[in-house]
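Novice:
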Amino acid sequence: MRISASFCREQEASHTEKAPNEPLEQRRRFALTASKAWGVEAIFAEKRELKQNPLDKRDAEIALEFANEGATGAAA
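Numbering (the working numbering), first residue to last: 14 to 89.
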């Protein structure tokens, strides 16, 4: 399962918000490190999603073409 960019951004924001409220220095560092890691993963996820969009657009065009052919065939 691939993680979406929006999920990664949510996790990044969550850890960023959590960091200043942590009572222990080690936990603050851990939260900030986790935030940075989620940010990096979000960038990778965005790149993956950009690569998938052209295929999704083409798939939508093909589906529309089949739908139009079906409507034309039913009307004839």
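We put the CB at the ideal spot given by N, CA and C, even for glycine.
Does the region 38 to 47 touch the region 75 to 85, meaning 3 or more C-beta pairs lie closer than 8 Å?
Specialist: no
Novice: Glu23: which of Ala58, Pro36, Gln65 sits nearest, CA to CA?
Specialist: Reading the sequence shown from its first residue, position 10 is the one you call residue 23. Out of Ala58, Pro36, Gln65, Ala58 has the C-alpha closest to the C-alpha of Glu23.
Novice: Here's a check: name, in chain order, each residue in its chain whose Cβ is nearer than 7 Å to the Cβ of Glu35, leaving out the five neighbours to either side.
Specialist: For this step, residue 35 is matched to residue 22 along the sequence shown. The residues are Arg41, Ala44.
Novice: Tell me the rounded alpha-carbon separation between Ala76 and Ala50.
Specialist: Against the sequence shown, residue 76 aligns to sequence position 63. Against the sequence shown, residue 50 aligns to sequence position 37. Distance from the CA atom of Ala76 to the CA atom of Ala50, rounded to whole angstroms, is 38 Å.
Novice: Closest to Pro33 by C-alpha separation, out of Met14, Ser48, Lys64, would be which residue?
Specialist: Within the sequence shown, the letter at position 20 stands for residue 33. It is Ser48.
Novice: For Ala26, count neighbouring Cβ atoms within 10 angstroms of its own Cβ and tell me buried if that reaches 16, exposed if not.
Specialist: Taking the sequence shown and counting its residues from 1, the one referred to as residue 26 is at position 13. The residue in question, Ala26, is exposed, as its Cβ has fewer than 16 Cβ neighbours within 10 Å.
Novice: Between the alpha carbons of Lys64 and Lys70, how many angstroms are there, rounded?
Specialist: Locating residue 64 in the sequence shown gives position 51, where the first residue counts as 1. Locating residue 70 in the sequence shown gives position 57, where the first residue counts as 1. The alpha-carbon atoms of Lys64 and Lys70 are separated by roughly 11 Å.
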